[in-house]
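Residue numbers are given in full-length UniProt numbering: position 106 of the sequence shown equals residue 106, and the series is strictly consecutive.
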Amino acid sequence: MQKKGKIILAVIALLVLCGLLYWVTRPQDKGLTATGTVEATRYDVTAKVPGYVRELTLQAGDTLNEGDLVCRIDREDLRAQVLAANAGLAAARARLADLESGARPAEISAAQAQVASAQAQANKASADFDRYRQLYDQDAISAQQLDAARTQAQVAQQALTAAQDQLTIVQDGARSGQVEAARAEVERLQAQVDAQQAQADGIDVESPASGTVLSKNFENNEFAPAGVPIVTVGDLDNCYVRVYVPSEDLARIQVGQAVNVYVDAYPGRAIAGTIQEISQQAEYTPRQSITARERANLVFAVKVAVQNQERIVKPGMPADVDFE
């Protein structure tokens with residue numbers, strides 16, 4: 001009887017030992033954690049025109065609203081070009097207005113006087129030529145003198161014809177072609193003024209978005225080329241962490257899932273975050289020849305938005321994301 005009892009106890013002890021062994025060696029449900037770097041949406045503030053930086057008072061850490069003046073670019077030559085272009089445009093508009101409104105009485109009187117003067121000169125030149133021709137027939141003058149008189153008569157007649165044509169234009173108004181040409185010139189100069197004004201407006205450098213100055217790349221009186229960032233602005237209210245999750249763990253996460261974010265600057269403090277994006281493809285193109293084990297090493301980019309109202313998270317900080 002005692003022997004049987006010992007056997008039962010031994011069996012029970014063996015079962016307990018097997019249970020403990022299974023408990024210790026059972027597959028553990030490991031949590032999912034990934035490490036990345038805090039990032040923020042950045043905006044480079046650049047000048048549209050090259051020139052020397054003026055009125056730049058910002059420092060790293062200062063806040064800006066969209067449209068705030070960052071600095072000005074010293075380009076007085078652009079202002080002078082705008083003034084000159086506007087002057088040319090005003091003159092072209094005045095000429096167009098004259099052509100469209102027709103000639104004034106004073107202009108008509110002047111044209112009529114010019115015709116009368118040309119007519120008198122033509123009559124005199126014609127009479128002189130007739131007289132010289134008679135003298136030539138009498139061998140009183142040379143052929144060269146006769147030719148000179150003929151030329152003077154022809155020139156005087158051409159001047160009379162030109163004066164009469166001008167009087168007709170003044171009385172009848174400008175031809176439609178002249179008006180159209182003047183109108184086209186006004187449009188061309190207007191486009192030139194607009195282009196130069198746009199360049200002149202580019203001397204005021206404004207922030208394209210609200211945010212915090214992350215870096216200041218120029219100082220006052222330094223030359224800034226066009227398109228080169230003068231300052232960089234970041235949206236610290238909406239920081240995010242980009243991490244990479246193995247393909248075998250992709251089924252454990254989803255967009256909109258709440259997560260905890262940890263940074264070294266605040267050990268043990270969980271910062272709320274939300275999965276904002278999950279990449280739809282791996283970081284490299286899989287090869288058909290890789291094994292199932294190798295496929296498990298592929299990773300997918302995950303963007304985690306961080307609630308950063310207190311501004312405790314800064315771009316560049318390493319961060320751990322706890323998905324579970």
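C-beta atoms are modelled at their ideal positions from N, C-alpha and C, and glycine is treated no differently. Nothing here was measured: the structure is a model prediction, and the numbers come from that model.
Of all alpha-carbon atoms in Asn238, Ile230, Ala224, the one lying nearest the alpha-carbon of glycine 211 is that of Asn238.
By the neighbour-count definition (other C-beta atoms within 10 Å, threshold 16), threonine 46 is a buried residue. Within the region 187-230, the complete beta strand (DSSP E) runs of at least 3 residues fall at 204-206, 211-216. Proximity of the region 186-200 to the region 75-95 meets the contact definition, three or more beta-carbon pairs being nearer than 8 angstroms.
In the structure shown, arginine 242 adopts extended strand secondary structure according to DSSP, grouped into three states. The secondary-structure analysis by DSSP pairs aspartate 44 across a beta bridge with Thr232.
Under the three-state reduction of DSSP, tyrosine 262 is assigned to strand. As the crow flies, the alpha-carbon of isoleucine 271 is around 44 angstroms from that of aspartate 201. Taking the C-beta atoms as reference points, valine 321 is found no nearer than 7 angstroms to valine 228.
DSSP places glutamine 276 inside the beta strand (DSSP E), whose first and last residues are 271-278. DSSP links tyrosine 52 through a beta bridge to Asp74, Phe223. For lysine 303, the enclosing beta strand (DSSP E) begins and ends at 299-306.
Proximity of the region 237-251 to the region 68-85 falls short of the contact definition, fewer than three beta-carbon pairs being nearer than 8 angstroms. Between valine 306 and glycine 273, the C-beta spacing is below 7 angstroms.
Under the criterion of beta carbons closer than 8 angstroms, glycine 36 and alanine 209 do not qualify as touching, at roughly 24 angstroms.
DSSP places valine 115 inside the alpha helix (DSSP H), whose first and last residues are 105-137.
A buried status is given to glycine 234, since no fewer than 16 other beta-carbon atoms sit within 10 Å of its beta-carbon. CA-CA distance, glutamate 310 to isoleucine 230, rounds to 27 angstroms.
DSSP, reduced to helix, strand and coil, places aspartate 322 within a strand of the structure shown. With a threshold of 16 other beta carbon atoms within 10 Å, glycine 51 meets it and is buried. Excluding residues up to 5 positions away in sequence, Val213, Lys216 lie with their Cβ nearer than 8 angstroms to the Cβ of glutamine 59 in the same chain. DSSP places glutamate 39 within a strand segment (E or B) once states are collapsed to three. Assignment of threonine 57 by DSSP, reduced to helix, strand and coil, places it in the coil class.
Assignment of alanine 34 by DSSP, reduced to helix, strand and coil, places it in the strand class.
For the 7 angstroms CB-CB criterion, isoleucine 278 and valine 241 do not form a contact. With 16 or more other CB atoms across the displayed protein chains lying within 10 angstroms of its CB, leucine 64 is buried.
Here threonine 63 is bridged, per DSSP, to Thr212. With a threshold of 16 other beta carbon atoms within 10 Å, phenylalanine 223 falls short and is exposed. Rounded to the nearest angstrom, the gap between the Cα atoms of glutamine 166 and arginine 54 is 56 angstroms.
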